[in-house]
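Numbering (UniProt numbering), first residue to last: 1 to 88.
Structure, rendered in structure tokens:
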């Protein structure tokens with residue numbers, strides 16, 4: 001079973017998007033799992049509800065693109081959040 005609220009990959013943008021805002025918790029879960037050395041196949045099944053045995057290419061792409069975006073959020077995206085908070 002898959003969870004429809006997730007796209008194949010997050011939007012490519014130099015700013016934080018509404019999609020990013022909806023998936024902050026997902027990004028944190030992915031970063032925690034990566035830091036703990038969890039197997040991507042287990043993570044994609046738990047976080048996204050995708051069975052990597054049935055949909056290996058899609059599962060890998062969803063995991064990798066969302067993890068990349070989560071890492072971008074930690075190095076760049078947080079600045080946009082701080083700016084938004086200061087203006088807000």
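From the three backbone atoms N, C-alpha and C, an ideal C-beta is built for every residue, glycine too.
For clarity, every value in this text was computed on a predicted model and none was experimentally measured.
| Asked | Found |
| --- | --- |
| Through-space distance from residue 75 to residue 55, alpha-carbon basis | 30 Å |
| Own chain residues within Cβ distance below 8 Å of residue 5, not counting five before or after | 22 |
| Residue 57, DSSP secondary structure in three states | helix |
| C-beta atoms of residue 43 and residue 59 nearer than 7 Å | no |
| Cβ-based neighbour list, residue 20, same chain, cut-off 6 Å, excluding 5 preceding and 5 following | none |
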